[in-house]
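The opening position of the sequence shown corresponds to residue 0 in numbering that gives the first Met the number 0, with each subsequent residue numbered one higher.
Built from N, CA and C at the ideal position, the CB exists for glycine as well.
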Amino acid sequence: MMKLFDVYPLFDIDIVKGCGCNIFDADGQEYLDLYGGHAVISVGHSHPVYVDAICRQAHELCFYSNSVINSLQKKLAERLGRISGYEDYALFLINSGAEANENALKLASFHTGRSRVIAFDKAFHGRTSAAVEATDNPRIVAPINANSHVTFLTFDSLEGVEDELAKGDVAAVIVEGIQGVGGVRIASDGFLRGLRDLTTKYGTVLVLDEIQSGYGRSGRFFAHQYSGIKPDIVTVAKGIANGFPMGGVLISPEFKPVYGQLGTTFGGNHLACAAALAVIDIFESENLVENAACVGARLIDALRKIDGIKEVRGRGLMIGIDLGRPAKDLRRHLIAVEHVFTGASGTDVIRLLPPLTLTEAQADDFIVRFNRALAACK
Numbered sequence: 000m001m002k003l004f005d006v007y008p009l010f011d012i013d014i015v016k017g018c019g020c021n022i023f024d025a026d027g028q029e030y031l032d033l034y035g036g037h038a039v040i041s042v043g044h045s046h047p048v049y050v051d052a053i054c055r056q057a058h059e060l061c062f063y064s065n066s067v068i069n070s071l072q073k074k075l076a077e078r079l080g081r082i083s084g085y086e087d088y089a090l091f092l093i094n095s096g097a098e099a100n101e102n103a104l105k106l107a108s109f110h111t112g113r114s115r116v117i118a119f120d121k122a123f124h125g126r127t128s129a130a131v132e133a134t135d136n137p138r139i140v141a142p143i144n145a146n147s148h149v150t151f152l153t154f155d156s157l158e159g160v161e162d163e164l165a166k167g168d169v170a171a172v173i174v175e176g177i178q179g180v181g182g183v184r185i186a187s188d189g190f191l192r193g194l195r196d197l198t199t200k201y202g203t204v205l206v207l208d209e210i211q212s213g214y215g216r217s218g219r220f221f222a223h224q225y226s227g228i229k230p231d232i233v234t235v236a237k238g239i240a241n242g243f244p245m246g247g248v249l250i251s252p253e254f255k256p257v258y259g260q261l262g263t264t265f266g267g268n269h270l271a272c273a274a275a276l277a278v279i280d281i282f283e284s285e286n287l288v289e290n291a292a293c294v295g296a297r298l299i300d301a302l303r304k305i306d307g308i309k310e311v312r313g314r315g316l317m318i319g320i321d322l323g324r325p326a327k328d329l330r331r332h333l334i335a336v337e338h339v340f341t342g343a344s345g346t347d348v349i350r351l352l353p354p355l356t357l358t359e360a361q362a363d364d365f366i367v368r369f370n371r372a373l374a375a376c377k
């Protein structure tokens, strides 16, 4: 009998249902979802507008190839441009965040004719070929991907950046608006502005990976928008379609498309576009970017008042709770006893990435549960 290839350490919980910011296991136990399935659930579980959009589209057409016009793609590009502030950019649709970064780096190389990339320590950009080379985790870089294309520098520091760019062979600088896997570390405004100035000076493409920190999570549509810069390429995925597999690359008008350079079988299919359009509908009708900013600030302020925490980092509803000690037992207690799902970054950081529909009451409820868990796990 075929079985699953064992690549994930699993909690012994079978989640079968979701509603808003709550999820339910097969035994009917309810959990407060403060992780959103790796930051994917942006508009809440089973939102009726979202469910209705997918069902209606499934009755019409689920998929056809990108060899014909797909009016839903055009509609999505127009609406995403307006809501994000990137109306003059072009959109290339694929299936995941790793693919978005893969295609962004490929575009940068085609555009500049160069082959080297600058990334930063603790970066995570995906598990596909070029994306994993730019990911600072040797454990997941296979020998076939281990080459000298990527130079890693210190995150949130401009030291060494100009020296590398001056060599003239760097196609792209890729950086996360807020590092997620790296511990919820914020790229400061000065750092991003410096990268923008230096990449412009040396004709290098600046790629902002907003796969986790984007789509309203930080309290702005993209986290880099706090700095006032515009990168050459922005990559998105995660919350773009609330769980339907989708990713996108937002591309500056300086890039001219060449037929055959990029392509995808499933990217931007009709069901995915219907899901993504429903997400934008909900964002606009429920003011979810503003809600992320407001409720996130409330959570961060409350967490910073709790004793026994080394540091609280984040913006909006992307929050890292650095305990200064291993967080494994606390996280397990939160799930098993307090019935709260959270994530982790490394060994010491609990990561919160809830749906952007999280209410103030739910945030306050989490603080009560978290305090109980912290006291129990001293």
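Next on the checklist: Whole angstroms are fine: how far does the CA of I250 sit from the CA of F91?
Outcome noted: 8 Å
Checklist entry - Leaving out the 5 sequence neighbours to the left and right, which residues in its chain are closer than 7 Å to G345 when beta-carbon positions are compared? => result G182
Checklist entry - Could you check where the beta strand (DSSP E) with V15 kicks off and where it finishes? => result I14 to C18
Checklist entry - Are G263 and I93 close, meaning C-beta to C-beta below 8 Å? => result The sequence shown places Thr at residue 263, not Gly. Cβ distance < 8 Å, so T263 and I93 count as in contact.
Checklist entry - For L33, which residues of its own chain have a beta-carbon under 7 Å away from its beta-carbon, when the five flanking residues on both sides are left out? => result V339, F340, T341, L351, P353 and F365
Item to check | Three or more C-beta pairs below 8 Å linking the stretch 277-296 and the stretch 96-111 | outcome: no
Next on the checklist: Any heavy atom of the ligand NAD inside 7 Å of the beta-carbon of N102?
Outcome noted: With respect to small molecules bound, the structure shown includes none, and the ligand NAD cannot be examined in it.
Item to check | Residues sharing a beta bridge with M317, DSSP | outcome: R314
Checklist entry - How many Å lie between V248 and L191 at the Cα? => result 19 Å
Checklist entry - So, is T358 buried or exposed, given that buried needs 16 or more other C-beta atoms within 10 angstroms? => result exposed
Next on the checklist: Please report the distance separating the alpha-carbon of R55 from that of F62.
Outcome noted: 13 Å
Item to check | Within the stretch 180-211, ranges of the beta strand (DSSP E) (whole runs, at least 3 residues) | outcome: 204-208
Next on the checklist: What does the alpha-carbon distance come out to for the pair S144 and V160?
Outcome noted: It should be pointed out that residue 144 corresponds to Asn in this sequence rather than to Ser. For N144 and V160, the distance between alpha carbons rounds to 23 Å.
Next on the checklist: Tell me which residue opens and which closes the alpha helix (DSSP H) that Y88 is part of.
Outcome noted: Element bounds for Y88: n/a, residue is neither H nor E.
Checklist entry - DSSP beta-bridge partners for H44? => result G19
Checklist entry - Buried or exposed: where does S66 fall if 16 or more other Cβ atoms within 10 Å of its Cβ makes it buried? => result exposed
Checklist entry - First and last residue of the alpha helix (DSSP H) that includes L287? => result L287 to L302
Checklist entry - Which residue from T127, D155 and S156 puts its Cα closest to that of P142? => result T127
Item to check | Candidates G315, L261 and A274: closest to A99 by CA position | outcome: L261
Item to check | Where the beta strand (DSSP E) containing D32 begins and where it ends | outcome: E29 to D32
Item to check | Alpha carbon of I349 to alpha carbon of I177, nearest angstrom | outcome: 15 Å
Next on the checklist: If you reduce the DSSP assignment to three classes, tell me which class D168 lands in.
Outcome noted: coil
Next on the checklist: Bridge partners for E175 per DSSP, in chain order?
Outcome noted: D208
Checklist entry - What is the DSSP secondary structure of R219, reduced to helix, strand or coil? => result coil
Item to check | Three-state secondary structure (DSSP) of L249 | outcome: strand
Item to check | For G80 and D11, the rounded distance between their alpha carbons | outcome: 41 Å
Item to check | The alpha helix (DSSP H) enclosing S108, as first and last residue numbers | outcome: G96 to T111
Checklist entry - Would you say the stretch 199-218 touches the stretch 235-246, given that touching needs at least three Cβ pairs under 8 Å? => result yes
Checklist entry - Going by alpha carbons, who is nearest to A103 out of V131, I232 and L60? => result I232
Item to check | Beta-carbon separation (whole angstroms), A375 vs H332, contact threshold 8 Å | outcome: 6 Å
Checklist entry - Under a three-way DSSP split, which group does G342 fall into? => result strand
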